[in-house]
Structure formats: C-alpha cells, structure tokens
Amino acid sequence: MTKPPATVRELIREQYASLTQAERKFANALLANYPAAGLASITIVAANAEVSTPTVARMVQKLGFKGYPQFHQALLKELEAKGSGPTQRRANWASEAPEGHLLNRFAQAVTDNLSQTFSNVDSEQFDAAVRQLANTEGRLYVVGGRITRALADYAFTHFQAIRQRVTHMTSSSATWPHYVLDMVEGDTLLMFDVRRYETNLQRLAELASERGVKVILITDQWSSPIGSVAAHTFNCWVEIPSAWDSNISTMMLLEAMISAAQEERWDETRARYEKLDTIFDTTRLFRKFT
Numbered sequence: 001m002t003k004p005p006a007t008v009r010e011l012i013r014e015q016y017a018s019l020t021q022a023e024r025k026f027a028n029a030l031l032a033n034y035p036a037a038g039l040a041s042i043t044i045v046a047a048n049a050e051v052s053t054p055t056v057a058r059m060v061q062k063l064g065f066k067g068y069p070q071f072h073q074a075l076l077k078e079l080e081a082k083g084s085g086p087t088q089r090r091a092n093w094a095s096e097a098p099e100g101h102l103l104n105r106f107a108q109a110v111t112d113n114l115s116q117t118f119s120n121v122d123s124e125q126f127d128a129a130v131r132q133l134a135n136t137e138g139r140l141y142v143v144g145g146r147i148t149r150a151l152a153d154y155a156f157t158h159f160q161a162i163r164q165r166v167t168h169m170t171s172s173s174a175t176w177p178h179y180v181l182d183m184v185e186g187d188t189l190l191m192f193d194v195r196r197y198e199t200n201l202q203r204l205a206e207l208a209s210e211r212g213v214k215v216i217l218i219t220d221q222w223s224s225p226i227g228s229v230a231a232h233t234f235n236c237w238v239e240i241p242s243a244w245d246s247n248i249s250t251m252m253l254l255e256a257m258i259s260a261a262q263e264e265r266w267d268e269t270r271a272r273y274e275k276l277d278t279i280f281d282t283t284r285l286f287r288k289f290t
C-alpha cells in the first residue's frame with residue numbers, strides 16, 4: 001500500500017530544526033491553532049503570527065510545497081478529512097485501493113498507522129503524561145465518545161487496579177456537570193476524541209481546564225479541537241481500508257501508557273494487585289486450575 005502523504009503538522013516536526021527563528025514563530029502559531037491558522041491568505045496568516053509574508057513563503061517551501069497556494073490546499077484537504085463520515089471515507093479508499101486481498105491491505109495500513117503514531121510520540125511528553133496518570137494526589141477521570149467510550153472503559157479497568165481515586169465518567173453528557181462539580185486543581189482528565197469530533201467532549205474539556213484540571217487527550221492524526229486546552233496531546237494514525245477508522249494504534253498507545261503508569265508506582269500497584277487477587281479468590285470470580 002502506498003504510504004499516505006504526510007500532514008503539514010508532520011512536515012513541520014520533521015523540518016523544525018532547519019527553520020529560522022521567525023519561521024519557527026509562524027510554525028508555532030500554526031500548530032497552536034491547527035489547521036485554522038493557515039487557512040486564510042498569506043498576508044493575513046503572516047499578520048496573525050506577527051511575522052513577514054516572505055517568512056511564511058520561505059517556510060512553506062522548506063516544507064516541500066511549491067508555494068503558499070499548494071500549502072493552503074493541503075491544509076484544506078486535511079480539514080475536509082476531519083469531517084468526513086463513513087460513506088466518504090470508504091469512497092476515498094475505494095478510489096485509491098491497490099490490488100490485492102483486503103487482509104493484506106488491512107495489515108499494511110495498520111502497520112503504517114502504528115509506525116506513524118509511535119514515530120510522532122514525544123518521549124518527554126509521554127513521560128510527563130504518565131507521571132500525571134500515576135499521581136494519586138489528584139483524582140483521575142476517564143471519558144470517551146460515541147466510538148472511543150470502549151477505550152475509556154478499557155483504560156478505567158486498568159487504571160482502577162493500578163491506582164486509587166479513578167472515576168469512569170458515563171457516556172451521557174447530561175451527567176457530566178455532576179463530575180465537573182467535584183473536579184479540583186491537580187486532578188487529571190484522560191479523554192479520547194476522534195473524528196468527527198464531539199462538541200460535548202470539547203465543552204467538558206474546557207470546563208475541566210477552567211477548574212485547573214490537566215487534560216490528557218488521545219486523538220487522531222488530524223487532532224481534536226480539545227488539543228487547544230489539553231496539557232498533553234497524542235496523535236494516533238487511524239485510516240484503514242474501511243468506512244470506519246481503526247483504534248489499533250490508539251489502543252497500542254493506551255496500553256503503553258498503562259504499562260508505564262504501572263511501573264511508575266510499582267510498589268503500591270503490586271500491593272493493590274495482591275489484595276485484588278485475594279478478593280477475586282474470595283468471590284470465586286475466576287476458575288482455578290490448581
């Protein structure tokens with residue numbers, strides 16, 4: 001399968017070290033409000049970033065674009081991809097699908113997604129997020145959306161065993177104000193939001209952030225708007241030959257976080273595991289073979 005073209009965000013990360021100070025100023029402004037900050041004319045985006053028009057022109061050429069119009073079109077295509085539904089996604093794949101069995105195409109797509117995802121994870125940001133997830137001084141809240149609520153449930157099951165003070169927020173946004181009521185500075189909110197991004201999740205993130213809660217966002221390669229208030233954002237590549245996106249890379253990143261949080265507080269977690277096993281034995285929840 002042909003590797004999908006890099007997003008503008010990826011290109012900026014790849015070329016960031018080669019950018020001048022002024023070019024980095026524009027790049028940072030774009031990433032802070034991505035991709036909206038690059039969707040106006042070159043004069044407007046330059047003015048908004050407080051750089052010169054030639055600075056913008058030079059930077060987009062360093063990213064591999066012939067000029068600003070091509071750069072602008074790339075951002076528009078990314079924006080279109082953000083809002084596409086299942087029918088359009090399948091149409092995109094069907095028009096470009098290579099020959100070969102679906103299983104092979106699927107396997108290649110998933111492999112590419114995993115590679116792209118983990119090559120774009122900043123290790124320092126990952127470590128900081130894990131420390132936050134493992135810190136029991138604050139409460140950890142976990143929530144997902146229509147599709148990603150399954151990921152939130154999986155995360156809750158593991159983090160509840162790893163640490164104390166974990167709350168799984170229901171999928172009904174009507175109940176969220178009750179959770180927000182008890183949120184305080186120092187708490188953490190782990191959120192999952194992928195295209196088509198859910199407005200209720202964004203509002204929840206904003207309300208939590210206003211209360212001093214640190215938001216950790218796991219999203220797709222196009223990035224949920226929640227990223228504007230998140231302390232840590234992790235992008236996972238999700239496209240596959242299907243009308244639906246894949247959660248494989250998202251689950252892989254989540255499992256890496258769970259494993260790292262377990263190691264972060266292993267002595268306490270081991271004691272919890274042992275007590276939990278004792279309770280399981282008492283309730284005879286699991287079958288014993290010895």
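Mind the numbering: the sequence shown is residues 1 to 290 in the UniProt record's numbering, read in order. Cβ atoms here follow ideal geometry from the backbone N, Cα and C, with glycine treated the same way. Everything numeric in this text was worked out from a predicted model, so none of it was measured.
Exercise for the section: State the Cα-Cα distance for the pair M1 and A47, rounded to the nearest angstrom. Expected result: The pLDDT assigned to M1 is 44, lower than 50, so where the model puts this residue is not dependable; a value taken from the coordinates is nonetheless given after this. Distance between the alpha carbons of M1 and A47: 41 Å.
Exercise for the section: Ignoring anything shorter than 3 residues or poking outside the stretch 224 to 269, list the beta strand (DSSP E) runs there in chain order. Expected result: 232 to 236
Handout entry: Closest Cα partner of V184 within the set R13, L207 and Y197
Key = L207
Practice task
Can you grab the Cα-Cα spacing for the pair A155 / L254, in whole Å?
Solution key: 7 Å
Practice task
Determine, using beta carbons only, whether R149 and S172 come nearer to each other than 8 Å.
Solution key: no
Exercise for the section: Taking L103 as the reference, give the member of E14, E10 and S242 with the closest Cα. Expected result: S242
Practice task
Would you kindly check if the distance between the Cβ of T233 and the Cβ of S223 is under 8 Å?
Solution key: yes
Exercise for the section: Just the C-alpha distance for K66 and T55, rounded to the nearest angstrom, thanks. Expected result: 15 Å
Problem - As assigned by DSSP and simplified to three states, the class of H101 - result: coil
Practice task
Whole angstroms is fine: what's the gap from I42's alpha carbon to K77's?
Solution key: 17 Å
Problem - Per-residue burial, H72 [other beta carbons within 10 Å of its own, 16 or more giving buried] - result: buried
Exercise for the section: Could you tell me if T199 is buried or exposed, where buried requires 16 or more neighbouring beta carbons within 10 angstroms of its beta carbon? Expected result: exposed
Exercise for the section: Pull up the distance between the alpha-carbon of T282 and that of L276, whole angstroms please. Expected result: 10 Å
Handout entry: Between the CA atoms of I162 and S18 - distance to the nearest angstrom
Key = 42 Å
Exercise for the section: Give the single residue among G138, P177 and R211 whose Cα lies nearest to the Cα of Q164. Expected result: G138
Problem - Delimiting residues of the beta strand (DSSP E) encompassing K214 - result: K214 to D220
Practice task
Give the DSSP-derived three-state secondary structure of T170 in the structure shown.
Solution key: coil
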